[in-house]
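Undergrad: What follows is a single structure, and I will ask about it in a moment.
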Amino acid sequence: MITLGVDFGGSGIKGCPVDVTIGEMVNERFRLPTPEKARPKDVAEVIGEIAQHFEWKGPIGIGFPAVIRNGIAYSAANIHKSWIGTNAVDLFHQATNCPTYVLNDADAAGIAEMRFGVGKERSAGVVIVLTLGTGIGSAIFVDGILVPNTEFGHLVIRGKDAEARAGDAARQRDGLTWEEYAVRLTEYLNEMEKLFSPELFIISGGVSKSWEKYFPLLKIHTPILPARFLNRAGIIGAAMYAAEKDSARK
Ligand code: BGC
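The opening residue of the sequence shown carries number 1321 in our numbering; numbering runs sequentially from there.
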């Protein structure tokens, strides 16, 4: 089965049809810039354009950078505050005329990695998937089962949200060397180790592509792996989520 996966990120909104039986994209990915301020109406328009680009008529899964319960957004750390209380499913449905399914973006990346990626053979115990991008997203799996909407990018470290210190946007904003970035990330991962005693960390998001530059510098006790799908994990996981929910509905 092929469904359209969309990843709503801080700088770009990207989509691609995905063969969810194998977890592979089947076209060239299509990316449009995230509208300034990321207001609901503007984001919906972009998602409508992505669906149109692929002349899409089937189910669409959308990874969304906020807490999402029953299609409604409950937080807005890096997007416009008017998202809070907005029914994202209805809005995207109106913009695309397709059945839409919305989940947290890090949960989407986690679903892809646990099913088809580096978490596939490693699902026993607690596995933590972190997306390092504009924010930090988290997806926590216990024996392969997702605990949704965990939001551990907002753990407070040195009086600041972890994502404001250890996200990729923070690395770029502060002009950090890889050594300096590794110090910040170590501090964050040590905190996560203390709280969860995970078996494995999986790192996804924009900066996962450069993992060779900073993984060897991390001082942590838990094994850590780059996501197999790197920053494509969000699209693939969102498509998988849509396929699963859509067949459950029928
Ligand atoms: C949001 C999360 C999201 C993460 C990555 C955070 O600021 O609160 O919901 O998963 O950014 O986009």
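Even glycine gets a Cβ: it sits at the ideal position worked out from N, Cα and C. On a predicted model such as this, the values are computed, not experimentally measured, just so you know.
Could you give the DSSP three-state label for residue 1424: helix, strand or coil?
TA: Residue mapping note: residue 1424 aligns to position 104 of the sequence shown, counting from 1. Residue 1424: strand per DSSP, three-state reduction.
Undergrad: Just mark residue 1529 as buried or exposed, buried being the case when its beta carbon has 16 or more other beta carbons within 10 Å.
TA: Counting from one through the sequence shown, the residue named residue 1529 turns up at place 209. Its Cβ having fewer than 16 others within 10 Å, residue 1529 is exposed.
Undergrad: Report yes or no: do the region 1366-1375 and the region 1332-1339 share at least 3 C-beta pairs separated by less than 8 Å?
TA: By the C-beta criterion, the region 1366-1375 is judged to be in contact with the region 1332-1339, since at least 3 inter-stretch pairs fall below 8 Å.
Undergrad: Kindly list the residues whose CB is nearer than 6 Å to the CB of residue 1509, restricted to its own chain and excluding five residues on each side of it in sequence; keep chain order.
TA: Position 189 of the sequence shown, counted from the start, is the residue given in the question as residue 1509. Sequence-distant Cβ neighbours of residue 1509 in its own chain, meaning closer than 6 Å and more than five residues away, are 1540.
Undergrad: The alpha helix (DSSP H) spanning residue 1384 covers which residue range?
TA: Along the sequence shown, read from residue 1 onward, the residue named residue 1384 stands at position 64. That residue, residue 1384, is in no alpha helix (DSSP H); its beta strand (DSSP E) goes 1380-1384.
Undergrad: In the DSSP assignment, what residue or residues form a beta bridge with residue 1332?
TA: For the purposes of this step, residue 1332 is taken as the residue at position 12 of the sequence shown. In DSSP, residue 1332 forms a bridge with 1353.
Undergrad: Any heavy atom of the ligand BGC closer than 7 Å to the CB of residue 1395?
TA: Position 75 of the sequence shown, counting from 1, holds the residue named residue 1395. Under cutoff, so the answer is yes.
Undergrad: Excluding the 5 residues preceding and the 5 following residue 1407 in the sequence, name in chain order all residues of the same chain whose CB lies nearer than 6 Å to its CB.
TA: Indexing the sequence shown from 1 puts residue 1407 at position 87. Within the same chain, residue 1407 has close Cβ partners 1391, 1392.
Undergrad: Are the beta-carbon atoms of residue 1550 and residue 1524 separated by less than 8 Å?
TA: For the purposes of this step, residue 1550 is taken as residue 230 along the sequence shown, with counting starting at 1. For the purposes of this step, residue 1524 is taken as residue 204 along the sequence shown, with counting starting at 1. Yes; because the gap between Cβ atoms is below 8 Å, this pair is in contact.
Undergrad: Could you check whether residue 1425 and residue 1385 sit closer than 8 Å to each other, using their CB atoms as the reference points?
TA: Walking along the sequence shown from the start, residue 1385 turns up at place 65. Walking along the sequence shown from the start, residue 1425 turns up at place 105. Contact flag set, yes.
Undergrad: Could you tell me if residue 1354 is buried or exposed, where buried requires 16 or more neighbouring beta carbons within 10 angstroms of its beta carbon?
TA: As a first step, residue 1354 is located in the sequence shown; it is residue number 34 there, counting from the start. It counts as buried.
Undergrad: Consider the C-beta atom of residue 1424 and the heavy atoms of the ligand BGC; say whether any pair is separated by less than 7 Å.
TA: Residue mapping note: residue 1424 aligns to position 104 of the sequence shown, counting from 1. Yes, the ligand BGC has a heavy atom inside 7 Å of this Cβ.
Undergrad: Within its chain, find whatever has a CB closer than 7 Å to the CB of residue 1341; leave out the 5 residues flanking it on each side and keep chain order.
TA: As a first step, residue 1341 is located in the sequence shown; it is residue number 21 there, counting from the start. Once the five neighbours on either side are set aside, the close Cβ partners of residue 1341 are 1321.
Undergrad: Once DSSP output is grouped into helix, strand and coil, what is the label at residue 1560?
TA: In the sequence shown, counting from the first residue as 1, residue 1560 sits at position 240. It is helical.
Undergrad: Taking C-alpha atoms, which residue in 1562, 1344, 1569 lies nearest to residue 1382?
TA: By 1-based counting over the sequence shown, the position of residue 1382 is 62. The shortest C-alpha separation from residue 1382 is found at 1562.
Undergrad: Compare the Cα-Cα distances from residue 1469 to each of 1396, 1478, 1513 and report the closest residue.
TA: For this step, residue 1469 is matched to residue 149 along the sequence shown. Of the candidates 1396, 1478, 1513, the residue whose Cα lies closest to the Cα of residue 1469 is 1396.
Undergrad: Please report how far the alpha carbon of residue 1471 lies from the alpha carbon of residue 1415, in whole angstroms.
TA: Along the sequence shown, one-based indexing puts residue 1471 at 151. Along the sequence shown, one-based indexing puts residue 1415 at 95. Residue 1471 and residue 1415: Cα-Cα distance of roughly 28 Å.
Undergrad: Return the residue from the list 1458, 1433, 1364 that minimises the CA-CA distance to residue 1417.
TA: Position 97 of the sequence shown, counted from the start, is the residue given in the question as residue 1417. Among 1458, 1433, 1364, the Cα nearest to that of residue 1417 belongs to 1364.
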